[in-house]
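A.B. asks:
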Amino acid sequence: MSKAFVNLSPHPIVPRLADDGIYIANESNFYRVLKAEKLTAHRGLSKPRVVERPMAYEATKPNQIYSWDITYLQSSVRGQFYYLYLFLDLFSRKIVGWSVHENQDMELSSILLTDICKKEKISKHQIVVHADNGGP
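Following the working numbering, the numbering of the sequence shown begins with 7 at its first residue and continues without gaps.
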């Protein structure tokens, strides 16, 4: 049982033991014993969290990288929304395609991208599609 509590302060230990129907001491008595045994030292800082930077894309000509997003458009009916699907060429900042739908669906974005590729005369595999907050 002691290994389960080795990294905890008395604050969470007392209620956990109480949930198991065990009473050893109250929180202040736990602290008193820890202080007498010189076990109340503050621990050092933990290792800083490593956050991987997202991959940075840089377009050198049109039709290399598209950024896309879905934006909610409010309708006249309360609680009902339309969804604007928008694809933007990162190099030229040109809106290469958009559509508005009543529902949010991955298939709709895929169809729009296929139509854009046909219109721009490029292969789907020729471009990088970047989404800032993920897809539907």
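Here a beta-carbon is modelled for each residue, glycine too, at the ideal position from N, C-alpha and C.
When DSSP labels each residue in this structure, what does Y37 get in the three-state scheme?
C.D. replies: In this structure, Y37 counts as helix in the three-state DSSP scheme.
A.B. asks: In the DSSP assignment, what residue or residues form a beta bridge with S134?
C.D. replies: It is Val, not Ser, that sits at residue 134 in the sequence shown. V134 is bridged to I71.
A.B. asks: Would V91 and L79 be called neighbours here (beta carbons separated by less than 8 angstroms)?
C.D. replies: Note on residue identity: the sequence assigns Tyr, not Val, to residue 91. For Y91 and L79, no; Cβs fall outside 8 angstroms.
A.B. asks: When the cut-off is 8 angstroms and only beta carbons count, does A47 lie next to chain D?
C.D. replies: Considering every chain present, this structure includes no chain D. It has just one protein chain.
A.B. asks: Given a cut-off of 8 angstroms, decide if V102 and I122 are closer than it, judged by their beta-carbon atoms.
C.D. replies: Yes, these two residues count as a Cβ contact at 8 angstroms.
A.B. asks: Am I right that A65 and F97 are in contact with their C-beta atoms under 8 angstroms? What's the rounded C-beta distance?
C.D. replies: Confirmed, Cβ separation roughly 4 angstroms.
A.B. asks: Taking Cβ positions, are D75 and D26 nearer each other than 8 angstroms?
C.D. replies: No, Cβ-Cβ distance for D75 and D26 is not below 8 angstroms.
A.B. asks: Of all the options K127, N69, V83, which has the alpha carbon lying nearest to the alpha carbon of V135?
C.D. replies: Checked all of K127, N69, V83; the closest Cα to V135 is N69.
A.B. asks: Please tell me whether F36 and V56 are closer than 8 angstroms, where the distance is taken between their beta carbons.
C.D. replies: No.
A.B. asks: In whole angstroms, what is the alpha-carbon distance linking R84 and V12?
C.D. replies: For R84 and V12, the distance between alpha carbons rounds to 53 angstroms.
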